[in-house]
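Under this note's numbering, the first residue of the sequence shown carries the number 104, and numbering increases by one thereafter.
Built from N, CA and C at the ideal position, the CB exists for glycine as well.
Shown next, in structure tokens, is the structure this report addresses.
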Amino acid sequence: MIPGEIQVAEGVIELNVGRKTVKIRVENTGDRPVQIGSHYHFYEVNPALSFDRELTKGFRLNIASGTAVRFEPGQGREVELVEYAGTKTIYGFRGEVMGKLVGAE
């Protein structure tokens with residue numbers, strides 16, 4: 104092994120297999136870029152982003168951990184979201200949920 108070398112197993116890793124997903128169109132109506140990290144509760148992202156927020160409660164971006172999506176001012180695009188797993192208890196972010204999501208199983 105070479106110092107710093109990364110050795111990975113053969114095959115493909117599939118993310119979030121079997122989890123509920125939703126695709127939505129998002130527009131940045133603000134005058135500044137907005138970047139959203141992989142595990143940020145999408146319902147609570149920057150208010151300058153325009154989309155159906157209620158549809159995104161309990162969801163995050165369906166992208167690899169540690170990555171992000173950036174929206175430039177005036178830019179719009181479709182993104183895929185994936186439902187949070189576990190108890191669906193959410194704290195922090197912009198403080199709009201602060202507990203278990205209503206209707207979470």
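Nearest by alpha-carbon distance to P176: which of N131, G189, D155 and G121 is it? Selected option, being the one with the closest Cα: N131.
Check whether the Cβ atoms of S141 and L118 sit closer than 7 Å, and answer yes or no. no
Measure from the alpha carbon of K123 to the alpha carbon of each residue in E186, P136, D134 and A112, then state which is nearest. E186
Near K191, what residues of its chain come up, given a Cβ to Cβ distance below 7 Å and the 5 sequence neighbours on each side ignored? G161, K203, L204 and A207
Look up N131 in the DSSP assignment and give the residues it is bridged to. L152
Rounding to the nearest angstrom, what Cα-Cα distance links I209 and V111 in this structure? Because the chain spans 104 through 208 in this model, residue 209 falls outside it and cannot be assessed.
In this structure, how does DSSP classify T190 when only helix, strand and coil are distinguished? coil
What are the start and end residues of the beta strand (DSSP E) that includes R173? Start and end: A171 to F174.
Along the beta strand (DSSP E) that carries L158, what are the first and last residues, could you check? Per DSSP, L158 belongs to no beta strand (DSSP E) and is neither H nor E.
Any idea if L184 is buried or exposed, counting beta-carbon neighbours within 10 angstroms, 16 or more meaning buried? Buried: at least 16 other Cβ atoms inside 10 Å.
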